[in-house]
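**Q**
There are 2 protein chains.
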Amino acid sequence: MNIILLSGGSGKRLWPLSNDVRSKQFIKIFKTKEEEYESMVQRVYRQIRTVDKEATVTIATSKTQVSSIHNQLGDGVSVCVEPCRRDTFPAIALAASYLHDVLHISEEEPVVVCPVDPYVNDDYFQALKELSGIADTGEANLVLMGIEPTYPSEKYGYVIPKDKNVVSRAAAFKEKPDVETAKEYISQGALWNGGVFAFKLKYVLKKAHELMDFTDYQDFFSKYDTLNKISFDYAVVEGEDNIQVMRFNGQWKDLGTWNTLTEAMEEPSIGKAILNDKCENVHVINELDVPVLCMGLKDIVVSASAEGILVSDKEQSSYIKPYVDKISQQIMFAEKSWGSFRVLDVEEESMTIKVTLNPGHGMNYHSHERRDETWSIISGRGTAIIDDEKRTVEAGDILTMKAGCRHTIMAETELKIIEVQKGRDISVNDKRKHELPGVE
Amino acid sequence: MNIILLSGGSGKRLWPLSNDVRSKQFIKIFKTKEEEYESMVQRVYRQIRTVDKEATVTIATSKTQVSSIHNQLGDGVSVCVEPCRRDTFPAIALAASYLHDVLHISEEEPVVVCPVDPYVNDDYFQALKELSGIADTGEANLVLMGIEPTYPSEKYGYVIPKDKNVVSRAAAFKEKPDVETAKEYISQGALWNGGVFAFKLKYVLKKAHELMDFTDYQDFFSKYDTLNKISFDYAVVEGEDNIQVMRFNGQWKDLGTWNTLTEAMEEPSIGKAILNDKCENVHVINELDVPVLCMGLKDIVVSASAEGILVSDKEQSSYIKPYVDKISQQIMFAEKSWGSFRVLDVEEESMTIKVTLNPGHGMNYHSHERRDETWSIISGRGTAIIDDEKRTVEAGDILTMKAGCRHTIMAETELKIIEVQKGRDISVNDKRKHELPGVE
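Taken in order, these protein sequences are the chains called A and B. Under our numbering, the first residue of the first sequence carries the number 996, and numbering increases by one thereafter. Under our numbering, the first residue of the second sequence carries the number 996, and numbering increases by one thereafter.
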C-alpha cells in the first residue's frame, strides 16, 4: 500500500505539551508493550508497519515538523515537505508528484491519504488496505472512508451513502452540522467523513496539473508558494461525481483535546506525580523533573512542561485555545533531527539551554553575529569543529565561541551540553550556516 | 521593648514553596504598599518597628535559617543561633543569655517571647508592648497573652483566666482538646494560648541556670548539644504558680496550611497565572518563570516552585504532610546570606545551578575535592579569587575551577552566574572552606 500521512496542525489545544514547534501528534503519551511511551505519529507508523510491512509511507508536512518527524521516526522515513502552508489540496498534490517523481511510483498505483493522528486500532489500517484495493479496481475516481457515527457530533463532516452496503456510491456530502441536523443525517444513514481518501496516483496528478502548470516535483516545489490555500474537499471531492464510500465501524477517535486525550491514557499519570486517594478521574502528564502532587481533585487534568502548567477541569479544557493564544513566550523546548534542546534560564542578555545530541548526529556548522557561547560538555563524547579546527571532546570539556566563530559538534555517544549564550540581542534568527571544512 | 522572635518549623505543610531549607515564614506572599511581596518574617519585623522604633529584636533560630534571615532582613538583624534543635525552653534560655551577655541587657528588664509567624495587625504588637509593661511591674513571674477564641479549635492549647478582666491571674492550662472539650473550655471563659510570654530577664536566666551549669552565653552555647529537648510550656509554665494572662481580641491567625495562607492573599494569584472566568475561589502562587493556566477550577490552590507543583482542593491541603514526606528530592532553591541559588539541571555526574549574589556580598573562599566547576558570568561585575589570585570579572567572563582549586567571587553590582558542576560524586558536603589570602 502507498500511503500519504498528512501531518499538520498547531499545538494550541494541548498546551503546554504542544507548542508552536511541537504539534499534538508528537506528544509521547501512549504506553507501548515495552513500557515506554510513544507519540501519535510513532503509534500510527508502527500500526501501518504491523498491518503492511511493505507499505510505502510518506509523511506530508511543513518545515516546522521535519525535525520532530526524523527525531521520532528516524532518518529513514520518507518526508514530503511543503515549503509553506497551502491547505490540503496543494499538500496532497505535492505529495502525489513526490511519490511519482521521487519515489518513482507508477501512476496506475493506488494511493491512500490519511491524517497522521487518528487514535485507532490495527483494524483501521486493515481497512485502509481494503480502501487501497477498491481504488485499484478503478470503479470510482475517489474512495472515501465513512466512519459509523457513535453520536451526533458537530465536529465532523458527513457523507451520505446511496445504500447500506459496505461499499456504496456517495450520494451527498454535508459540512459540519449542528447537533439536530447531525441527528437527521444519521437517521438518513450518514457516516462521518474521516478525512481518508484513496485514488489512483494519476487521478490526483491530473488534478494537480489542472491546478498549476508544472513539469515535475522539483518544479512544483519551487512554485508552491504561488498557490492559494484550498482544501482537498473543496477542490476535488465536491466536484467529483464518481465517488465510492467504504464503511468502517471499528474504533476511531480524534484525540484533539485534553479531555479526549486523557481518555486514551492507560494510567492516571505520566511522569512524576502523586495523587492522593481523594482524587477522582484525575490525569497528570508531567514532563518536568520535579513532582506534581494532587490532593482531593475531581475531573481534572494537570499537565506540566518547560512551557508552562495547565490545571483544568476536563470539560473546560476544550476552551483552552484563546487563553493559550494570549501567552506569548519563546519556545522552551524542541525536538530536532539531531536531538533536542530545553531552555533552562532566560535573562535579558543571556540564555542557558541544555542540548542533547543523539549518537551519530551533529548540528549544522554555524556562527552567530551577536552572541558568544560557552559549551560545558556534561556527558558523552564526540567531535567539535571550531573555526575549521577539529578536536575530540568529552564530558568535562569547556568550549568557548566568541561571536562570529564558526562551530559545530557531532555526537559519538549521546552528548549532553550546557550552552550559555551571552549577548545583547539573542535571537534564533541570528544564525549563519557554513560549509563544513574538508576535515574527516 | 526587648523581643525574642522564635523562628522554627519545617517546610512540609506549605510545599512546594517551603522546603527543608525554607520554612513557611520566608515565603514572600504578602503584598506591601510598595506593590512588592514580603514574607511573614519581613512583615512581623516591619510591624514591630512600626509600633516600637526602639525595640531590641533578636531572632532565635537554627543554623539552617540564618542565611534566609540575613537575606530577608539584612545583615544588621540580631540573631541568636541554636547550635542544634532542643525545643523551646533551651532556645529561649539561650536567647536570654544572649540578651544578657552579648546585648548587655539588664536582668531587670522585661523581655517578650513571640513566634515569628502570627498573621496579625499592628494592634498585636501594641499588645506585646503592654505585655512587656505588665512584666516590668513584677506582679507575676510570667505574663501570657490569651487570645479570644473565634471557634472551638483543636489546634491550640487553652488558658483559663481567673476572671474577666483584661489582665487576670491564670487559673488553669489545657492541652490541645477535641472540639467538644474546646467548646466546654470556651464556655468557662478559656482563651487560646498564643505562645507569647513576657518575663523579667532574670527570671528565665535563673531557670536556665537550674537547667544547666554555665558561666555565660558562650559557655551555654558550647554545652547546648548536651541538653535534652524540652518545651517552655512543660519546663517553666506548668511549674509556675505566679502567672498573669492578658486578653487580646484583635486579629490573630496562624497561616500554617495552604487553606489559611491563601485566605490572607489580597489577589487570586502571585506570579505568572491565567484564570479563566469559570474559576471560583482559586489561588495560584507561581514562582516559576512559565505561566500557570487554570480552567474551570473551584476551591483549589495551585502552587509551583523549582521544587515541584501542588494542585489541591483547599480543604484537602491540610493533609499534605505525609505525601510531601515521601518526596525525596534534593533542594532545588535556597536563599543564602549572600544571595540565592536555583538548580537548573541535574544529571548523574553534573549539576547546573544559577547563582545570584547580592551587591557587596561574596561566597566563602572554598574548594571541592570531587568536582570541577565552570562559572559563566551572565550579568553584573565583581571580583573573583582563584587559587589566591584576584581578578575583576564581568558579564561574559568564563572561569574554570578544577577540583581542589580554591575559589570565591564577590559582587560589586548584582552578579548572576551559571555554574556547571562536573564530577562523579557531587554533594553539598564536598566543600572545604579556606582563609582568604591577604589581598584587598
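Cβ coordinates follow ideal geometry from the N, Cα and C atoms, glycine included. Note that the structure is a prediction, hence the values are computed from the model and not measured.
1. Of the residues A:A1177, A:P1286, A:F1216, which one's Cα is nearest the Cα of K1058 (chain A)?
2. Using 10 angstroms around the beta-carbon of N997 (chain B), count the other beta-carbons present and answer buried if the total reaches 16, otherwise exposed.
3. Going along the chain, which residues of its own chain have a beta-carbon closer than 8 angstroms to the beta-carbon of I1155 (chain A), five neighbours each way excluded?
4. Whose Cβ in chain A lies nearer than 8 angstroms to the Cβ of P1286 (chain B)?
5. Does the separation of the CB atoms of S967 (chain A) and T1369 (chain B) fall below 7 angstroms?
6. By the 10 Å Cβ neighbour count, where 16 or more other Cβ atoms means buried, how is K1202 (chain B) classified, buried or exposed?
7. Assign P1011 (chain A) to buried or exposed, taking buried as 16 or more other Cβ atoms, counted over all protein chains shown, within 10 Å of its Cβ.
8. Is it buried or exposed, Q1416 (chain B), if we count other Cβ atoms within 10 angstroms and call 16 or more buried?
9. Any idea what DSSP makes of T1145 (chain B), helix, strand or coil?
10. Out of B:D1070, B:L1001, B:V1039, which one is the CA nearest neighbour of K1331 (chain B)?
11. Whose C-beta lies closer than 6 angstroms to the C-beta of Q1037 (chain B) among residues of the same chain, with five residues either side of it excluded?
12. When the cut-off is 7 angstroms and only beta carbons count, does L1352 (chain A) lie next to chain B?
13. For the alpha helix (DSSP H) that contains Y1119 (chain A), what are its first and last residues?
14. Taking only beta-carbon positions, decide if C1274 (chain B) is within less than 7 angstroms of chain A.
15. Would the segment 1412-1432 of chain A and the segment 1356-1367 of chain A be scored as touching if the rule is three or more Cβ pairs under 8 angstroms?
16. Which runs of the alpha helix (DSSP H), 4 residues or longer, sit entirely within the segment 1245-1292 of chain A?
17. Give the straight-line distance between the Cα atoms of V1338 (chain A) and Q1020 (chain B), rounded to the nearest whole angstrom.
18. Would you call S1246 (chain B) buried or exposed, if buried means 16 or more other Cβ atoms sit within 10 Å of its Cβ?
19. Using three-state DSSP, classify P1085 (chain B) as helix, strand or coil.
20. Which whole-angstrom value describes the C-beta separation of I1373 (chain B) and A1390 (chain B), a residue pair presumed to lie in contact below a C-beta threshold of 8 angstroms?
21. What residues of chain A sit near N1271 (chain B), judged by a beta carbon separation below 8 angstroms?
22. For a test of the three-state rule: what should DSSP assign to K1321 (chain A), helix, strand or coil?
23. With 7 angstroms set as the bound, which would you pick, yes or no: does the beta-carbon of M1446 (chain A) sit closer than that to a beta-carbon of chain B?
24. Could you check the C-alpha separation between A1329 (chain B) and R1017 (chain B) for me, to the nearest Å?
25. What does G1391 (chain A) touch in chain B if you count any residue whose Cβ is under 8 angstroms from its own?
26. Counting pairs of beta carbons, one from the segment 1267-1287 of chain B and one from the segment 1300-1317 of chain A, are three or more of them closer than 8 angstroms?
27. Assuming A1268 (chain B) and N1281 (chain B) form a contact by the criterion Cβ under 8 angstroms, report the distance between their Cβ atoms to the nearest whole angstrom.
28. Express the C-alpha separation of L1292 (chain A) and G1003 (chain A) in angstroms, rounding to a whole number.
29. Excluding sequence positions up to five away, which residues of its chain have a Cβ less than 6 angstroms from the Cβ of F1243 (chain B)?
30. Looking at the unbroken beta strand (DSSP E) that takes in M1241 (chain A), where does it start and where does it end?
31. At least one CB of chain B closer than 7 angstroms to the CB of G1291 (chain A): is that the case?
32. Taking CB distances under 7 angstroms as the criterion, tell me whether V1434 (chain A) reaches chain B.
33. Could you list which residues in chain A have their beta carbon closer than 8 angstroms to that of E1344 (chain B), in chain order?
34. Which residues does DSSP list as the beta-bridge partners of K1385 (chain A)?
35. Thinking C-alpha only, which one of B:E1104, B:V1277, B:D1208, B:I1322 is nearest E1310 (chain B)?
36. Specify the secondary structure class of G1357 (chain B) as computed by DSSP and reduced to three states.
**A** On the basis of the coordinates in this document:
1. As a working note, residue 1058 (chain A) is residue 63 in the first sequence. Taking only the C-alpha atoms, the option nearest K1058 (chain A) is A:F1216.
2. Taking the second sequence and counting its residues from 1, one reaches residue 997 (chain B) at position 2. By the 10 Å Cβ count, N997 (chain B) comes out buried.
3. Walking along the first sequence from the start, residue 1155 (chain A) turns up at place 160. Contacts found: A1165, A1166, A1167, F1168, K1169, Y1180, Q1183, G1184, A1185, L1186.
4. As a working note, residue 1286 (chain B) is residue 291 in the second sequence. Those within 8 angstroms of P1286 (chain B) in chain A are G1303, I1304, I1322, Q1324.
5. The structure shown does not extend to residue 967 (chain A), since chain A is modelled only from 996 through 1435, so no value can be given for it.
6. Counting from 1 along the second sequence, the entry for residue 1202 (chain B) is found at position 207. Counting Cβ neighbours within 10 Å, K1202 (chain B) comes out buried, since at least 16 surround it.
7. The residue you call residue 1011 (chain A) lines up with position 16 of the first sequence. Burial call: buried.
8. To locate residue 1416 (chain B), count along the second sequence from 1; it is residue 421. Counting Cβ neighbours within 10 Å, Q1416 (chain B) comes out buried, since at least 16 surround it.
9. One-based indexing of the second sequence puts residue 1145 (chain B) at position 150. Residue state, collapsed to three classes: coil.
10. Counting from 1 along the second sequence, the entry for residue 1331 (chain B) is found at position 336. It is B:D1070 whose Cα lies nearest to the Cα of K1331 (chain B).
11. Within the second sequence, residue 1037 (chain B) is the residue found at index 42, counting from 1. Taken in chain order, the residues that qualify are Q1067.
12. As a first step, residue 1352 (chain A) must be located in the first sequence, where it is residue number 357. Judged by the 7 angstroms Cβ criterion, L1352 (chain A) is not in contact with chain B.
13. Counting from 1 along the first sequence, the entry for residue 1119 (chain A) is found at position 124. Looking at the DSSP string, the run of the alpha helix (DSSP H) that includes Y1119 (chain A) is 1117-1132.
14. The residue you call residue 1274 (chain B) lines up with position 279 of the second sequence. For C1274 (chain B), the answer is no, since every Cβ of chain A falls outside 7 angstroms of its Cβ.
15. yes
16. 1253-1258
17. Here the question's residue 1338 (chain A) lines up with position 343 in the first sequence. Here the question's residue 1020 (chain B) lines up with position 25 in the second sequence. Near 31 angstroms, if we compare the C-alpha coordinates of Q1020 (chain B) and V1338 (chain A).
18. For the purposes of this step, residue 1246 (chain B) is identified with residue 251 of the second sequence, where counting begins at 1. One detail in the question is off: residue 1246 (chain B) reads as Gln in this sequence, not Ser. By the neighbour-count rule (16 or more Cβ atoms within 10 Å), Q1246 (chain B) is not buried but exposed.
19. Here residue 1085 (chain B) corresponds to residue number 90 of the second sequence, with the count starting at 1. Reduced to three states, the DSSP call for P1085 (chain B) is helix.
20. Counting from 1 along the second sequence, the entry for residue 1373 (chain B) is found at position 378. Counting from 1 along the second sequence, the entry for residue 1390 (chain B) is found at position 395. The Cβ separation is near 6 angstroms, so the contact holds.
21. Stepping through the second sequence from its first residue, residue 1271 (chain B) is reached at position 276. Result: Q1311, Y1314, Y1318.
22. Stepping through the first sequence from its first residue, residue 1321 (chain A) is reached at position 326. Looking at K1321 (chain A) - three-state DSSP - the assignment turns out to be helix.
23. Nothing in the structure corresponds to residue 1446 (chain A), since chain A is present only between 996 and 1435.
24. Here residue 1329 (chain B) refers to the residue found at position 334 of the second sequence. Here residue 1017 (chain B) refers to the residue found at position 22 of the second sequence. Taking the straight line joining both Cα atoms gives about 7 angstroms.
25. Here residue 1391 (chain A) refers to the residue found at position 396 of the first sequence. Chain B residues near G1391 (chain A): D1367, K1417.
26. yes
27. Taking the first residue of the second sequence as position 1, residue 1268 (chain B) is located at position 273. Taking the first residue of the second sequence as position 1, residue 1281 (chain B) is located at position 286. Right, their Cβ atoms sit about 5 angstroms apart.
28. Position 8 of the first sequence, counting from 1, holds the residue named residue 1003 (chain A). Position 297 of the first sequence, counting from 1, holds the residue named residue 1292 (chain A). Computed Cα separation, rounded: 34 angstroms.
29. Reading the second sequence from its first residue, position 248 is the one you call residue 1243 (chain B). Counting only Cβ-Cβ distances below 6 angstroms, and skipping sequence neighbours, we find A1122, M1140, I1142.
30. On the first sequence, residue 1241 (chain A) is found 246 positions in, with the first residue counted as 1. First-last of the beta strand (DSSP E) with M1241 (chain A): 1238-1243.
31. Locating residue 1291 (chain A) in the first sequence gives position 296, counting from the first residue. Output row for G1291 (chain A): interface = yes.
32. Numbered from 1 along the first sequence, position 439 holds the residue referred to as residue 1434 (chain A). Note that V1434 (chain A) has pLDDT 49, beneath the 50 cutoff, so the model's placement of it is unreliable and the number below is only indicative. No, V1434 (chain A) lies away from the interface with chain B (no Cβ there is under 7 angstroms from its Cβ).
33. Along the second sequence, read from residue 1 onward, the residue named residue 1344 (chain B) stands at position 349. By Cβ distance, chain A contributes I1373, S1374, A1390.
34. Translated into positions along the first sequence, residue 1385 (chain A) becomes position 390. Beta-bridge pairing links K1385 (chain A) to A:I1380.
35. Taking the first residue of the second sequence as 1, we reach residue 1310 (chain B) at position 315. Of B:E1104, B:V1277, B:D1208, B:I1322, the residue nearest in Cα terms is B:V1277.
36. Against the second sequence, residue 1357 (chain B) aligns to sequence position 362. In the structure shown, G1357 (chain B) sits in a strand (DSSP, three-state: E or B).
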